[in-house]
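As you go down the protein sequences, you meet chains A and B in turn. Each residue of the first sequence is one higher than the one before, starting from 18 at the first, in the working numbering. Each residue of the second sequence is one higher than the one before, starting from 1279 at the first, in the working numbering.
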Amino acid sequence: MKPLRTLAALMKADIFERTRRYSFLVTIAATLYLGYLVNDGTISVHMGNCQPVPNSAWTGMAVALCTMTFVGLVGFYVVKNAIERDRETGVGQILAGTPVSTTLYMMGKLLSNFAVLATVTGILAVAAVLMQMFKGEGLDIPAIVSPFFFLALPGMFFVGGTALFFESVKLLRGGFGNILFFFAYSALIVVPMETGIMSTDVFGLKLAMDKIQADVRVVVPDYNGSFSIGTGVKETPESKTMVWSGLQWTAENIGYRAFPIAYGFVLSLVAAGLFDRFASNAAGRRTGRFRKFLERITWPPLQKIPGWILVPFEALFQRFASGRILVAELRLMLQGLPFLWYAVALGLWIASVAVDPTFARADIFLFLWIWPVLLWSGMGTREKRFRTGSILFSAPRPLARQLPATWGAGFLVAILLASGILLRLALDGETAAFLSIIAGAVFIPSLALALGVWSGTSKTFEAIYVAFWYIGPAHHTPSIDFMATTDKVVAAGTPAAFAIAAVVLFILALGGRWRQITAA
Amino acid sequence: MNLLIEHVSKRYTKEVWGLRDFSLPLAPGVIGLLGPNGAGKTTLMRILATISKPTEGNVTWDGTDIVRSPDGLREVLGYLPQDFGVYPNLTPVEFLGYIAAAKGLDAPAARRRIDELLLLVNLDGERRQRLGGFSGGMRQRVGIAQALLNDPRLLIVDEPTAGLDPEERVRFRNLLSDLSGERVVILSTHIVSDVEAVATDIAVIVRGRLVAHEQPEALLAAVRGLVWEWVVPSSDLVSVRSRFLVSGTLRRSEGVLCRVISAESPDPGARSTDPSLEDAYLHLVSGARKVGTT
Chain A
18 MKPLRTLAAL MKADIFERTR RYSFLVTIAA TLYLGYLVND GTISVHMGNC
68 QPVPNSAWTG MAVALCTMTF VGLVGFYVVK NAIERDRETG VGQILAGTPV
118 STTLYMMGKL LSNFAVLATV TGILAVAAVL MQMFKGEGLD IPAIVSPFFF
168 LALPGMFFVG GTALFFESVK LLRGGFGNIL FFFAYSALIV VPMETGIMST
218 DVFGLKLAMD KIQADVRVVV PDYNGSFSIG TGVKETPESK TMVWSGLQWT
268 AENIGYRAFP IAYGFVLSLV AAGLFDRFAS NAAGRRTGRF RKFLERITWP
318 PLQKIPGWIL VPFEALFQRF ASGRILVAEL RLMLQGLPFL WYAVALGLWI
368 ASVAVDPTFA RADIFLFLWI WPVLLWSGMG TREKRFRTGS ILFSAPRPLA
418 RQLPATWGAG FLVAILLASG ILLRLALDGE TAAFLSIIAG AVFIPSLALA
468 LGVWSGTSKT FEAIYVAFWY IGPAHHTPSI DFMATTDKVV AAGTPAAFAI
518 AAVVLFILAL GGRWRQITAA
Chain B
1279 MNLLIEHVSK RYTKEVWGLR DFSLPLAPGV IGLLGPNGAG KTTLMRILAT
1329 ISKPTEGNVT WDGTDIVRSP DGLREVLGYL PQDFGVYPNL TPVEFLGYIA
1379 AAKGLDAPAA RRRIDELLLL VNLDGERRQR LGGFSGGMRQ RVGIAQALLN
1429 DPRLLIVDEP TAGLDPEERV RFRNLLSDLS GERVVILSTH IVSDVEAVAT
1479 DIAVIVRGRL VAHEQPEALL AAVRGLVWEW VVPSSDLVSV RSRFLVSGTL
1529 RRSEGVLCRV ISAESPDPGA RSTDPSLEDA YLHLVSGARK VGTT
């Protein structure tokens, strides 16, 4: 019983700590907003030329699928801080010195991750029941709730285990892991669809889709096979209706849903095996070589300085951000980067001036502005992460001096990396395209700074920027291509919208920082 | 040059107050701010450092309200927070350069100042090493250096000797004494010996309220004749602790030498002894707690 009690205590403490944080309120607010978007049809499941009747079975399944699609992705970033929180607060050091086994610790964290994601899923399930009550299409609560229970919850368990795994592997702990998960998540959706292997269907999308499509084909013989979950897709005018009876939860179907639960457990156990039990805290951030160096040297004796007198001086102050603070912020951003980072950046830059201009702008440029994502994501969050806020915010004019310099450093990184493309556009006289890229370079640091200051974590920018980059520039979607990778974007007036957004975001960042300085 | 704290209160929640009706005028010199854990010292430090706002009351620096116009004070402020961090990938020179730039200091003067400060805090030999590899005490010394960057007129140091080894602690105390000439230095700590060594004035806070603001001599005078010492058998120690305010014990071959604070002689064998600042502090805190609970 003792391990169970310990597990319950670990889980309970973690849940209390999480749910009493401001960020949990934000999560709940975002969940309610998602529920609203699903309710008003902004986000829904679209079946091409077939329109299912919104009975309880369909409403439950549609909302559960939307939950899986959106919460499965965002939820990862929400819960991927269970170990990090113990590391930052120092609680991990205390726990590491107790007899709690690493496996038990990890199981407590897994259950806590799951509890948070299950809360979000539960809220959306309640929203689905309420939606159905108001639709007047008959209320069958088990039919609404069962997709959440069998489909969504096992998927959430998998996400909880995956987040722990990412936190335990040093390479995946930071921004690189955040970006990697975005692509891994896309792969987790596509792979079961393409291969048909049900054991890879962790989110249950294939299980649901196969059943829905088979049922549609019986009623609508000319069904075009379309199946999408998302926004902005409208039914075709010639849509035919059908009454969907739901997915029967047979032993086979439930068996498929056991896979993500098993994967969640396995990933957590692997995480327990890889976990350093906060050993890296004890050694600070010293790397092996530096630690050895420290062990070898002996500290010098106290140096005698006669009189201990500091030379008084009349300090001269500059009113606004100066070149020095800009250089200091740039150094802060670039310091500690491995040589490989610069080598890749240089390689991409050379490619951007060497290859065909259209290819360079449409493709090479994409990589130039995804490569520094981890530099931008630190903007606005460093003061919290490294606890330098009290020093910096008590310096004169922190809003006029330090924050614009941080922005400037992010802007300079964007401009430097895009300079090859910009140079070619300037030489070709393509002023509109040139200015469009400048608008993008203004937009990125503004987005990073606003998200960083308000969320306090680099994960927010990493998740949102990569999703934005993937949907917009990488797919050359004119309305959201902030990089202006094609002339269609310029013609659509998108850069002007992003320039305006940049100003708004920068003002938001100023507001957030002002709140940080004055709210205490 | 004066800092005036008038009727300042800080309320965190409906029931929790960090400070209650706190008033204190401060002139050049070192003021030691003493109080038990959770007394409100850090709350006061944060308000004076302009990173927290009082719920009630005013704080003025040379007549200027620091809540409404914080930048005037910030230009002459040096602040060492109790809990602060550093950027692990920067060297001390780079970090101090960064803070100097954030403070808006003129570049050549800042460079000279950084060199001088690194010598002062005994980190000149580590100027090219990254802060991520520094021990807690070394980081604390970087914190001390950043607080002195702009030659502050108001220096606020919150638990500055935490993590310093005894040698560095003495070194820092000496530094504070030497700095105190034409500036206001506020030293917040619960280590009485730190205050004893350098403070020209002492303020004691208990439960968010100011219970004393005196010179050390006056605090000592208040407990003169109240401090007693005598040897008791080890088995009687628990009983003595329950009846008297014990400010110290020392193991002896014949028993335990007890030092207690009491208005009357606690034992026929007890003899009156010279009070220390620690005795005075314990007496004040104990008295304030009794008043608070009755």
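Beta carbons are placed, not taken as given, at the ideal position from N, Cα and C, and that holds for glycine.
Chain-ordered chain B contacts of residue i [CB-CB under 7 Å]
| i | result |
| --- | --- |
| residue 353 of chain A | 1367 |
| residue 418 of chain A | 1380 and 1382 |
| residue 345 of chain A | 1375, 1376 and 1379 |
| residue 342 of chain A | 1379 and 1380 |
Nearest residue (CA-CA) to residue i, options the options
| i | options | result |
| --- | --- | --- |
| residue 138 of chain A | A/48, A/357, A/67 and A/102 | A/48 |
| residue 1313 of chain B | B/1323, B/1307, B/1496 and B/1284 | B/1323 |
| residue 264 of chain A | A/256, A/162 and A/99 | A/162 |
| residue 1414 of chain B | B/1554, B/1397 and B/1438 | B/1438 |
| residue 1453 of chain B | B/1407, B/1398 and B/1554 | B/1398 |
| residue 1407 of chain B | B/1441, B/1371, B/1390 and B/1381 | B/1371 |
| residue 1318 of chain B | B/1362, B/1565, B/1419 and B/1482 | B/1482 |
| residue 1565 of chain B | B/1527, B/1522 and B/1551 | B/1522 |
| residue 1297 of chain B | B/1455, B/1316, B/1309 and B/1305 | B/1316 |
| residue 1493 of chain B | B/1280, B/1281, B/1510 and B/1309 | B/1309 |
| residue 1363 of chain B | A/468, A/408, A/523 and A/452 | A/408 |
| residue 74 of chain A | A/268, A/498, A/527 and A/160 | A/160 |
| residue 1302 of chain B | B/1447, B/1280, B/1536 and B/1289 | B/1280 |
| residue 374 of chain A | A/472, A/241 and A/450 | A/450 |
| residue 514 of chain A | A/295, A/354 and A/454 | A/454 |
| residue 188 of chain A | A/469, A/291 and A/385 | A/291 |
| residue 1346 of chain B | B/1361, B/1330 and B/1359 | B/1330 |
| residue 1550 of chain B | B/1541, B/1561, B/1503 and B/1513 | B/1503 |
| residue 416 of chain A | A/384, A/76 and A/397 | A/397 |
Under 8 Å by beta carbon: chain B residues contacting residue i
| i | result |
| --- | --- |
| residue 413 of chain A | 1349, 1352, 1353, 1381 and 1382 |
| residue 339 of chain A | 1379 and 1382 |
Partner residues on chain A for residue i, Cβ-Cβ distance less than 8 Å
| i | result |
| --- | --- |
| residue 1292 of chain B | By Cβ distance, chain A contributes nothing, its closest Cβ being about 17 Å from residue 1292 of chain B, past 8 Å. |
| residue 1357 of chain B | 407, 408 and 411 |
7 Å Cβ cut-off: residues of chain A touching residue i
| i | result |
| --- | --- |
| residue 1363 of chain B | 403, 404 and 405 |
| residue 1385 of chain B | 341 |
CB contact below 8 Å: residue i versus chain E
| i | result |
| --- | --- |
| residue 408 of chain A | No chain E is present in this structure, whose protein chains are A and B. |
Interface partners of residue i on chain A, CB under 9 Å
| i | result |
| --- | --- |
| residue 1424 of chain B | 408 |
| residue 1372 of chain B | 345, 348, 349 and 352 |
*Length-filtered (4 minimum) alpha helix (DSSP H) runs lying within the stretch 111-160 of chain A*: 119-152
*Any contact of the stretch 479-493 of chain A with the stretch 183-201 of chain A, i.e. 3+ C-beta pairs under 8 Å?*
yes
_Touch test, the stretch 460-469 of chain A against the stretch 387-401 of chain A, Cβ-Cβ under 8 Å, three pairs minimum_ = yes
_Give the list of continuous alpha helix (DSSP H) stretches no shorter than 4 residues that lie fully inside the stretch 434-478 of chain A._
448-472
*Name, going along the chain, the residues of the stretch 521-535 of chain A whose beta-carbon falls closer than 8 Å to a beta-carbon of chain B.*
534 and 535
*Going along the stretch 1313-1330 of chain B in order, which residues come within less than 7 Å of chain A, judged by CB to CB distance?*
1324, 1327, 1328, 1329 and 1330
*Does the stretch 214-225 of chain A come within contact of the stretch 168-184 of chain A, defined as at least 3 CB pairs closer than 8 Å?*
yes
*Would you check if there are 3 or more beta carbon pairs closer than 8 Å linking the stretch 1329-1345 of chain B to the stretch 1495-1505 of chain B?*
no
*Can you list, in chain order, the residues of the stretch 1529-1546 of chain B whose Cβ is nearer than 9 Å to any Cβ on chain A?*
none
*Taking three-plus beta-carbon pairs below 8 Å as touching, is the stretch 48-57 of chain A in contact with the stretch 134-153 of chain A?*
yes
*asked:* If contact is defined by three or more beta carbon pairs under 8 Å, each pair taking one atom from either stretch, is the stretch 1513-1531 of chain B in contact with the stretch 1448-1467 of chain B?
replied: no
*Examine the Cβ distances between the stretch 1362-1376 of chain B and the stretch 340-355 of chain A and report whether three or more of them are shorter than 8 Å.*
yes
*In chain order, which continuous runs of the alpha helix (DSSP H) of length 4 or greater are located wholly inside the stretch 219-274 of chain A?*
222-236
*Is the stretch 357-371 of chain A touching the stretch 424-443 of chain A in the sense that three or more CB pairs, one from each, lie closer than 8 Å?*
yes
*asked:* Quick test of the definition: if touching needs 3 or more C-beta pairs under 8 Å, does the stretch 378-388 of chain A touch the stretch 502-515 of chain A?
replied: yes
*Do the stretch 229-247 of chain A and the stretch 114-127 of chain A meet, that is, are 3 or more Cβ pairs less than 8 Å apart?*
no
_Uninterrupted alpha helix (DSSP H) stretches inside the stretch 371-418 of chain A (no shorter than 4 residues)_ = 382-385, 390-393, 399-402 and 406-410
*Can you give, in chain order, each stretch of the alpha helix (DSSP H) that sits fully within the stretch 39-113 of chain A and has at least 4 residues?*
39-56, 73-96, 99-106 and 108-113
*Could you tell me whether the stretch 1342-1356 of chain B touches the stretch 1421-1435 of chain B, where touching means 3 or more Cβ pairs closer than 8 Å?*
yes
*Any chance you could list the alpha helix (DSSP H) runs of at least 4 consecutive residues sitting entirely within the stretch 1333-1378 of chain B, in chain order?*
1348-1352
*Taking only runs of the alpha helix (DSSP H) that begin and end inside the stretch 1506-1544 of chain B, which ones reach a length of at least 4 residues, in chain order?*
1515-1521
_Unbroken stretches of the alpha helix (DSSP H), 4 residues or longer, contained in the stretch 1436-1514 of chain B_ = 1444-1457, 1470-1476 and 1494-1500
*So, do the stretch 1416-1430 of chain B and the stretch 1388-1405 of chain B have three or more beta carbon pairs nearer to each other than 8 Å?*
yes
*Could you say if the stretch 1508-1522 of chain B and the stretch 1532-1539 of chain B meet the contact criterion of at least three C-beta pairs nearer than 8 Å?*
yes
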